[in-house]
Amino acid sequence: MNKAMNTVENIHESDLSLGLSPQQKRKKAMLMKGAMRNALKQSFVMLRPDVQWKNPVMFVVEVGAFLTLGYVLQAAFGSSASQVSIHYFIALDAWLFATVLFANFATALAEARGKAQAESLRRARFDTTARRLLNGREERIPAPQLQKGDLVVCEAGDLVPADGDVMEGAASVDESAITGESAPVIRESGGDRSAVTGGTRVLSDRIVIRVTMEKGHGFLDRMIALVEGAQRQKTPNEIALTLLLSAFTLIFLIVVIPLWAMAWNAEQYMTGYLGVTDHLHSLGTDVPTLIALLVCLIPTTIGALLAAIGIAGMDRLLQHNVLAMSGRAVEASGDVDVLLLDKTGTITLGNRQATEFIAAPGVTEKELADAAQLSSLADETPEGRSIVVLAKRFGIRERQINDLPQARFINFSAQTRMSGVDWNGSHYRKGAADAIQHYVGKPHPSSVEQTVESISRSGGTPLLVATHEKVLGVIRLKDIVKGGIKQRFSQLRRMGIKTVMITGDNNLTAAAIAAEAGVDDFLAEAKPEDKLALIRREQTGGRMVAMIGDGTNDAPALAQADVGVAMNTGTQAAREAGNMVDLDSNPTKLIEIVEIGKQLLITRGALTTFSIANDVAKYFAIIPAMFAGTLPWLKAVDIMHLHSPTSAILSAIIFNALIIPALIPVALKGVNYRPLGADALLRKNLLIWGLGGVIIPFIGIKLIDVVMVALHLVN
16 MNKAMNTVEN IHESDLSLGL SPQQKRKKAM LMKGAMRNAL KQSFVMLRPD VQWKNPVMFV
76 VEVGAFLTLG YVLQAAFGSS ASQVSIHYFI ALDAWLFATV LFANFATALA EARGKAQAES
136 LRRARFDTTA RRLLNGREER IPAPQLQKGD LVVCEAGDLV PADGDVMEGA ASVDESAITG
196 ESAPVIRESG GDRSAVTGGT RVLSDRIVIR VTMEKGHGFL DRMIALVEGA QRQKTPNEIA
256 LTLLLSAFTL IFLIVVIPLW AMAWNAEQYM TGYLGVTDHL HSLGTDVPTL IALLVCLIPT
316 TIGALLAAIG IAGMDRLLQH NVLAMSGRAV EASGDVDVLL LDKTGTITLG NRQATEFIAA
376 PGVTEKELAD AAQLSSLADE TPEGRSIVVL AKRFGIRERQ INDLPQARFI NFSAQTRMSG
436 VDWNGSHYRK GAADAIQHYV GKPHPSSVEQ TVESISRSGG TPLLVATHEK VLGVIRLKDI
496 VKGGIKQRFS QLRRMGIKTV MITGDNNLTA AAIAAEAGVD DFLAEAKPED KLALIRREQT
556 GGRMVAMIGD GTNDAPALAQ ADVGVAMNTG TQAAREAGNM VDLDSNPTKL IEIVEIGKQL
616 LITRGALTTF SIANDVAKYF AIIPAMFAGT LPWLKAVDIM HLHSPTSAIL SAIIFNALII
676 PALIPVALKG VNYRPLGADA LLRKNLLIWG LGGVIIPFIG IKLIDVVMVA LHLVN
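Just so you know, the sequence shown maps onto residues 16 to 730 in the numbering used here.
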């Protein structure tokens, strides 16, 4: 067991160390060592029958172990009629109990990893003091006493005491305790970046927060309850598989019980009627051996690892900073057929960038670039900054506002839809085509009109630059599609997942960006009711739908989707509507969520295949050894040629126990996943895990037999 524990610890610590500072690595290592010790203790606590009966397969193994213990005690006090050595019974019973302990350890370790992650969050919840505003005055109270609607003041160095929205001010916030991301983020009143999470730390300035969650229902409370795993409910797929494994166990139990009577009658017949006495040492009439046969034939491997696989799947999401509200959501993400993604911030970078200056007739590109830069100096938007940068390519020095002391800057407004500057007797303006036409007071030249139409048709946004007298040219703004996103969508397509881009853009713009990004379909000019209708239409067709969103207008669609991922920085309505929360607020995380869900399902399928194939191989090791003495014709199928019946039984039961801790790393990390079609995945599953499940037991059991014979542990 120590070797297995070390293997698991090393593997998991290597996962946790990615991207962490040396201090964080040491902290994680200490937490994992504590988790390993707690899991080992819990393995013995979980021997209680009221715990074991929830896993029917392992419950049968435990009952068999206690029955075998009774035979050990009978043999020890000389009341057993068995001719088999007491040492054989003791060894058999020890490995039966080891099988149950290894299964308990797998589940306890998966749960302990979550508990280790939650420990620092628990401390953050109970050690925080809140500065509550009451009638304009501050009072300090313990954070757990805060109520929904309370106003709290946080300044530089303070821990945010509870989940809430920034009502006043803006501040830099360190969210590394929650997300693991070391870079601070800006949280400010209004807009989509107002949500703050309890346990994060304010690094600068002063903000006033309104608590948005009831006491005991905040983010930290939900995360602690989730990751500790003790209250984790089985998912529908897990329940179905448990029932299937229980049916297999019941079938083998019905098959094995009559073997005792059959073997006993066969031995009596050969002794009483044929006078054969050489077969009296057959193991067929020993109840402990029949128990060993039952344990080796029922699907103990997957039965032992089933709970750990489910818990580890949720844990992998947490490692990617995604909080799943239930295991059902994790499984549903693995069955997703349709993926709905917002264009802005998910498929594109989120900010349009200036990519080209197209001069009007009689104007040089340098003149246009100079005018575009001047009209953008006071524009602090990403689009405005990109225009200033693009102008530098034409040899124009980047100006600052202070370089134009006599200038009058015109800020953008929704009414004028223009911005610009009046300087040195000239009036430069930049804005939408119709707004510039109204400013100039005459129609645009035909070449400019054609340029505007061409840019719009290609999915870009045209901005015109003009003086009071004439149009100087057009700036092409373009949504920049994220690098590598097209390849990601190709992977999803190979997985059988349809991708749909949702955008408020017009059809022309949406079609151009969809083609560049490589999505399968798009929904343009989308309103909340349009998103909801699309999801319902897909679900009516029998498809599983996943969506990501952050706004109040996304809440209906998030609630309707089978997998609804809300951004942690989004509105409270969105977070409550979804069944997952992305702590990093990274819209592209949806792709990782789908991959983790599929990895969970594939891991469960792979280990189930291995377990069943494993049982088939052990059949050929045990049956010939048990009954070859009373049924000599069984020697024809004795392909393993083990040393003796006793050695065969012990080798099989030892292998059956050891394979569980050997597969714990696979259950916790998951099977390596690559986007493949269903047929390819099935072939891979059967070839690797099915064939491996048949071959490995033959090799393992034979090696154990050779070692025991070499060490004179069996006769």
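The C-beta atom is built at its ideal place from N, Cα and C for all residues, glycine as well.
Assigned secondary structure, residue i (DSSP; H/G/I helix, E/B strand, else coil)
i    : result
P157 : strand
L726 : coil
V168 : strand
L218 : coil
G557 : coil
M51  : helix
D180 : strand
T514 : strand
A375 : coil
F713 : helix
S187 : strand
Q162 : coil
D597 : strand
T370 : strand
T623 : helix
V721 : helix
Residue i: first and last residue of the uninterrupted alpha helix (DSSP H) it sits in
i    : result
G85  : P71 to A91
L392 : No alpha helix (DSSP H) holds L392; DSSP gives it neither H nor E.
S15  : Because the chain here runs from 16 to 730, residue 15 falls outside it and cannot be looked at.
T316 : T315 to Q334
L309 : V302 to L312
L523 : N522 to A532
R343 : G342 to G349
V578 : First-last for V578: V578 to M582, but that is the beta strand (DSSP E), not the alpha helix (DSSP H).
L149 : Per DSSP, L149 belongs to no alpha helix (DSSP H); it is in the beta strand (DSSP E), T144 to L149.
V66  : P64 to Q67
A570 : A570 to Q575
Cα-Cα separation, residue i to residue j
i    : j    : result
D653 : P639 : 5 angstroms
Q575 : E540 : 20 angstroms
E610 : A125 : 20 angstroms
V455 : V480 : 10 angstroms
I563 : M182 : 25 angstroms
L419 : I411 : 15 angstroms
A91  : L84  : 10 angstroms
S401 : E591 : 37 angstroms
K717 : A344 : 43 angstroms
A307 : F74  : 14 angstroms
G205 : D180 : 9 angstroms
L389 : V463 : 21 angstroms
P314 : P251 : 19 angstroms
T555 : G579 : 17 angstroms
H27  : A54  : Model confidence at H27 stands at a pLDDT of 37, short of 50, so the residue's coordinates are unreliable; what they give is reported in the following sentence. The alpha-carbon atoms of H27 and A54 are separated by roughly 14 angstroms.
R472 : T359 : 18 angstroms
Q67  : G342 : 21 angstroms
D597 : F713 : 46 angstroms
V78  : G349 : 36 angstroms
R63  : N70  : 12 angstroms
D565 : H335 : 18 angstroms
N568 : S461 : 40 angstroms
V200 : K633 : 57 angstroms
K604 : I272 : 52 angstroms
Y103 : T661 : 7 angstroms
V724 : R331 : 43 angstroms
P176 : P397 : 33 angstroms
CB contact flag (residue i, residue j, <9 angstroms)
i    : j    : result
S219 : S261 : no
T316 : N601 : no
L478 : G446 : yes
L88  : T304 : no
R508 : D535 : yes
A323 : T114 : no
A570 : A589 : yes
K613 : A327 : no
L487 : L383 : yes
A532 : V496 : yes
Span of the beta strand (DSSP E), counted from its first residue to its last, around residue i
i    : result
K493 : V486 to V496
I201 : V200 to E203
V353 : V353 to D357
Worksheet item: Which runs of the beta strand (DSSP E), 3 residues or longer, sit entirely within the region 403-476?
Response: 423-425, 433-438 and 441-446
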